[in-house]
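Those protein sequence lines, which keep their order, are chains G and P. Under our numbering, think of the first position of the first sequence as 8, with each following residue one higher. Under our numbering, think of the first position of the second sequence as 15, with each following residue one higher. Quick reminder that beta carbons are idealized off the backbone N, C-alpha and C, glycines included. It should be emphasised that the depicted structure is a prediction, and the values quoted were computed from it without experimental measurement. Right, one structure below, let's go through it.
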Amino acid sequence: MHWLFYMVLFILPIGSVTAELALEKSMLPKLQVIVPQHLGSEKRKKAETWWEKRDQRSDIYYPHKLHYSVMEEEGDSCLLCHAFQKNDEHNENKRKPLNVIANEPLMGICHDCHVDEKRGPWRCDLCHDDPKKIWPADHNSGYIQHHGEDSQQDTEICETCHIDRKFCTDCHFRRDTLGTGYHPLGYINRHGLESRMMPANCAQCHNNFYCKDCHNQ
Amino acid sequence: MVFSVQAADKLNLPPLHHVVGVKPSEAINIPDVFKLGEQQELICATCHGLKDIDKTPVEEVDTDSADFLVGGSYRGLTGFCYRCHDEKKTQRDNIHLMFDEQGDIKKENCTFCHEDVPERDKAQSIADVKLRLPLKTICLGCHLKDPHFNSVEHQVKPAQDEMLERIEKNSKEQGIIVPLTDKKEVVCVSCHASHQYGVLNPETPAGKQVKTENLDVGVDYKEHPWNSVFTADKALRLDEFNQQHNMQVKFSYQRIVQETLLRLPAKDGQLCLVCHDFKD
């Protein structure tokens, strides 16, 4: 019987890891990956300037031409991101790093339109072809099993990338799979109490229509 | 009045260093914090607060120190100069203002850069107009090499031949000229037109440029809400820079209202796209 015990001991974890991977894969948002044209396989020279380094980065893609029309519409130009402002620093050792800071736009500039204000398209994969290249290190292994702890504390940091609440509801609203629900089994029978005590909690995921679907019947 | 200061004679001073060992004239207003020598002459300690700077090799002087220049740090070097020199009195006429009140060209302004006054209506090459200095350095007598960000980075030969081809093609299409040096280097006048609008025939490639209504004012800006986004994007990096160099540099974004002496408008990107292009 010992062999049976050890077999169960070994097979169970393997099975759960396989299930975890399958679950993680199925729960990832379906990304339409756009491969940036500049990411070829040709041999490249060593990047020296910030724009050469940026051009060789594979985690970020910036299509300049796609921004022409919106810049024209809003009366902006290249100078919006690449500053040609007056320079008072003439010591090369200081001017050079200042020049890079002034001219290299980082996340704050991109995300203002594409994330914060959502005036531009806000699909992550438009600029980031592979989420693995930009996600936090703790997402690399089994994070899906532990994300609940973080998300219940503060969703703001999650929403830096997971802008659309569908990212949550695609799994948590599923009725065809066990274990993906946010609420414990049978919660529907006692949700009334919490909805009266802490309606703001419900509103994080549900809108009024969700309630009315049943309560208006 | 020049004093013979033996110590100063022996100093190995960097190029363009202010003269020492002279007694300033009465027109120069030396603040009390600027110490003079025993004979009221300029000494190292007049301008520098670093201890024993006169005994320190030039390359070892800590120019990042707030005490490098007395009363520092200064955001711009001219701010330090104007502690003693009168800003208004030291200013020179803007030679780019080339029309007098009657609308005639001030020919004396031409000879700042040209050996002779060129014939206005005759199409001429760079060689014909007899510049006093090579194209690469002609502006540097009055302007610094790095008056705005990106200026030094642009003053190179384009890394790709296709950019040179693009410049030739686009400048023809836009009806402008983009002067480059013999070595195909971009220089100040590749983007900037040095003549006031109308001095050269605006119908010609050499004379086509942005028409500036008020050249006296120069480049003019207005506040823009993007400033908060721009400064936030730079904040962390600037903090690190300022801590490292003990400085207080701040960046801001303002939208250009009036452009000055440009061959094409930059505020809508036209000028940039003469040279730059992107796959997507």
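- Message: Taking only three categories from DSSP, how would you classify A280/P?
- Response: The residue given as residue 280/P occupies position 266 in the second sequence. If DSSP states are grouped into helix, strand and coil, A280/P belongs with coil.
Does any C-beta atom of chain P lie closer than 7 Å to the C-beta of N214/G? Counted from its first residue, the first sequence places residue 214/G at position 207. Judged by the 7 Å Cβ criterion, N214/G is not in contact with chain P.
Original post:
Under 7 Å between the Cβ atoms of F163/P and A144/G?
Top reply: What you label residue 163/P is simply residue 149 of the second sequence in a count that begins at 1. What you label residue 144/G is simply residue 137 of the first sequence in a count that begins at 1. Contact: no.
* Terminal residues of the alpha helix (DSSP H) in which Q272/P lies -> Here residue 272/P is taken as the residue at index 258 of the second sequence, counted from 1. Per DSSP, Q272/P belongs to no alpha helix (DSSP H); it is in the beta strand (DSSP E), Q268 to Q272.
Exercise. Ends of the beta strand (DSSP E) at E237/P?
Worked result: As a first step, residue 237/P must be located in the second sequence, where it is residue number 223. Where E237/P is concerned, the enclosing beta strand (DSSP E) stretches over D234 to E237.
- Name the residue from R64/G, E166/G, C134/G and R203/G whose alpha carbon lies nearest to the alpha carbon of D123/G. Along the first sequence, one-based indexing puts residue 123/G at 116. Among R64/G, E166/G, C134/G and R203/G, the Cα nearest to that of D123/G belongs to E166/G.
Could you compute how far the alpha carbon of S242/P sits from the alpha carbon of Q268/P? Locating residue 242/P in the second sequence gives position 228, where the first residue counts as 1. Locating residue 268/P in the second sequence gives position 254, where the first residue counts as 1. Straight-line Cα distance between these residues: approximately 10 Å.
When you check each C-beta in the region 262-283 of chain P against every C-beta of chain G, which residues fall closer than 9 Å?
V263, F265, S266, Y267, Q268, R269, I270, P279, A280, K281, D282 and G283
How many angstroms separate the CA atom of D62/G from the CA atom of P104/G?
Counted from its first residue, the first sequence places residue 62/G at position 55. Counted from its first residue, the first sequence places residue 104/G at position 97. Going by the C-alpha atoms only, they are around 19 Å apart.
query: Do L275/P and H206/P have their CB atoms nearer than 7 Å?
result: Working through the second sequence from its first residue, we reach residue 275/P at position 261. Working through the second sequence from its first residue, we reach residue 206/P at position 192. In contact: L275/P and H206/P (Cβ atoms closer than 7 Å).
Practice task
Round the Cβ separation of P219/P and I190/P to the nearest angstrom and send it over; I've been treating them as touching at under 8 Å.
Solution key: Numbered from its first residue, the second sequence carries residue 219/P at position 205. Numbered from its first residue, the second sequence carries residue 190/P at position 176. Sure, about 5 Å apart at Cβ, within 8 Å.
_Am I right that V170/P and V200/P are in contact with their C-beta atoms under 8 Å? What's the rounded C-beta distance?_
Reading the second sequence from its first residue, position 156 is the one you call residue 170/P. Reading the second sequence from its first residue, position 186 is the one you call residue 200/P. Sure, about 6 Å apart at Cβ, within 8 Å.
In angstroms, rounded to a whole number, what distance separates the CA positions of G82/G and E176/P?
As a working mapping, residue 82/G is identified with position 75 in the first sequence. As a working mapping, residue 176/P is identified with position 162 in the second sequence. Rounded to whole angstroms, G82/G to E176/P spans 29 Å at the Cα level.
Chain P beta carbons: is any one of them nearer than 7 Å to that of N94/G?
Position 87 of the first sequence, counting from 1, holds the residue named residue 94/G. So yes, N94/G belongs to the interface.
* Asked: What residues of chain C sit near C286/P, judged by a beta carbon separation below 8 Å?
  -> Here chain C cannot be found, since the structure's protein chains are G and P.
Determine which residues share a DSSP beta bridge with H128/P and list them. If you number the second sequence from 1, residue 128/P lands on position 114. Looking at the DSSP assignment, H128/P forms a beta bridge with L145/P.
- Task: Measure the C-alpha to C-alpha separation of N184/P and F292/P and round it to an integer number of angstroms.
- Result: Counting from 1 along the second sequence, the entry for residue 184/P is found at position 170. Counting from 1 along the second sequence, the entry for residue 292/P is found at position 278. Straight-line Cα distance between these residues: approximately 14 Å.
Problem set entry | Residue from H190/G, I170/G and C85/G with nearest C-alpha to H71/G | Here residue 71/G refers to the residue found at position 64 of the first sequence. Here the closest residue by C-alpha is C85/G.
query: Does the beta carbon of A246/P sit closer than 7 Å to a beta carbon anywhere in chain G?
result: On the second sequence, position 232 is the one that residue 246/P refers to. Yes, A246/P counts as interfacial toward chain G.
Relative to the C-alpha of C127/P, which residue among I140/P, R146/P, D234/P and D247/P is closest? One-based indexing of the second sequence puts residue 127/P at position 113. Comparing Cα-Cα distances from C127/P to each of I140/P, R146/P, D234/P and D247/P, the minimum goes to R146/P.
Query raised in the report: Measuring CB to CB, does D95/G end up less than 7 Å from G90/P?
Result: Locating residue 95/G in the first sequence gives position 88, where the first residue counts as 1. Locating residue 90/P in the second sequence gives position 76, where the first residue counts as 1. Closer than 7 Å, so yes.
(message) Please report the distance separating the alpha-carbon of M114/G from that of A249/P.
(response) Reading the first sequence from its first residue, position 107 is the one you call residue 114/G. Reading the second sequence from its first residue, position 235 is the one you call residue 249/P. Their Cα atoms are separated by approximately 12 Å.
If I measure Cβ to Cβ from Y211/P and keep anything under 7 Å in the same chain, skipping five residues before and after, which residues do I get? If you number the second sequence from 1, residue 211/P lands on position 197. Cβ within range, chain order: Q223, K225 and T226.
| For a contact meaning CB atoms closer than 8 Å, what does I108/G contact in chain P? | Here residue 108/G corresponds to residue number 101 of the first sequence, with the count starting at 1. Per Cβ cutoff of 8 Å: K248, R251, L252, F255 and F265.
Taking its Cβ as the centre, do 16 or more other Cβ atoms sit within 10 Å of K125/G, making it buried, or is it exposed?
Looking up residue 125/G in the first sequence gives position 118. Counting Cβ neighbours within 10 Å, K125/G comes out exposed, since fewer than 16 surround it.
Please work out which residues of its chain come closer than 7 Å, Cβ to Cβ, to L285/P, disregarding the five sequence neighbours upstream and downstream, and give them in chain order. Stepping through the second sequence from its first residue, residue 285/P is reached at position 271. C205, L276, R277, L278 and P279, listed in sequence order.
To be precise: take each residue of the region 71-97 of chain P, compare its Cβ to all Cβ atoms of chain G, and keep it if any distance is under 9 Å. Which residues remain?
T77, D78, Y88, R89, G90, L91, T92 and G93
| chain P residues whose Cβ lies nearer than 9 Å to that of L73/G | For the purposes of this step, residue 73/G is identified with residue 66 of the first sequence, where counting begins at 1. Neighbours of L73/G on chain P, chain order: D294.
If you measure from the CB of G221/P, is any heavy atom of the ligand FAD nearer than 6 Å?
The ligand FAD is not part of the structure shown, which contains no ligands of any sort.
Quick check: what's the CA-CA separation for T104/P versus W129/G?
As a working note, residue 104/P is residue 90 in the second sequence. As a working note, residue 129/G is residue 122 in the first sequence. Rounded to whole angstroms, T104/P to W129/G spans 54 Å at the Cα level.
Margin query: Rounded to the nearest angstrom, what separates C95/P and S65/G at their Cα positions?
Written below: By 1-based counting over the second sequence, the position of residue 95/P is 81. By 1-based counting over the first sequence, the position of residue 65/G is 58. Those two C-alpha atoms are separated by around 48 Å.
For the alpha helix (DSSP H) containing T104/P, name the first residue and the last one. Taking the first residue of the second sequence as 1, we reach residue 104/P at position 90. Segment E101 to T104, the alpha helix (DSSP H) holding T104/P.
Curious, which full-length alpha helix (DSSP H) runs of at least 4 residues does the region 128-168 of chain G contain?
150-160
**Prompt:** If you count every other CB in all the chains shown that lies within 10 Å of the CB of M261/P, and 16 or more means buried, which is it?
**Reply:** Residue mapping note: residue 261/P aligns to position 247 of the second sequence, counting from 1. Looking at its Cβ environment, which holds 16 or more other Cβ atoms inside 10 Å, M261/P is buried.
* Inter-residue spacing [alpha-carbon to alpha-carbon] between V40/G and I140/P -> Stepping through the first sequence from its first residue, residue 40/G is reached at position 33. Stepping through the second sequence from its first residue, residue 140/P is reached at position 126. At V40/G, the pLDDT of 43 sits below 50, so the modelled position is not reliable; the number obtained from the coordinates is stated separately. Their backbone Cα atoms lie some 52 Å apart in a straight line.
- Query: Excluding the five sequence neighbours on either side, which residues of its own chain have a C-beta within less than 7 Å of the C-beta of I116/G, listed in chain order?
  - Reply: Sequence index remark: in the first sequence, residue 116/G carries index 109 (1-based). Cβ within range, chain order: C88.
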